[in-house]
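First comes the structure, then the notes that go with it.
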């Protein structure tokens, strides 16, 4: 993993300055499994990612996020 992250074109996405406000705008009062989904969507938005490849249909509740099934 260290060698991968050392490459100049690879960047590890993490929580930046806009994360908390994005998280709250996505439903900052999320409970249970929705907490992790909301956190991931806030990170996606912060880093300009609009598509997620997952079989979890719960992500369809987020406007502006395109959900793709990786097995289709």
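Residue numbers (this note's numbering): 1 to 72. No residue lacks a Cβ here, since even glycine has one placed at the ideal position from N, Cα and C.
**Prompt:** Going by other Cβ atoms of all chains shown within 10 Å of its Cβ, with 16 needed for buried, is residue 42 buried or exposed?
**Reply:** Buried is the label assigned to residue 42, since at least 16 other Cβ atoms lie within 10 Å of its Cβ.
**Message:** Please tell me whether residue 37 and residue 55 are closer than 8 angstroms, where the distance is taken between their beta carbons.
**Reply:** A distance of 8 angstroms or more separates the beta carbons of residue 37 and residue 55.
**Proximity of residue 46 and residue 16 at Cβ, strictly below 8 angstroms** = Inclusion of residue 46 and residue 16 in the CB contact set at 8 angstroms is warranted, their separation being smaller than that value.
**Asked** Considering only residues of the same chain and omitting the five flanking positions on each side of residue 22, which have a CB-CB separation below 6 angstroms?
**Response** Within the same chain, residue 22 has close Cβ partners 42, 45, 46.
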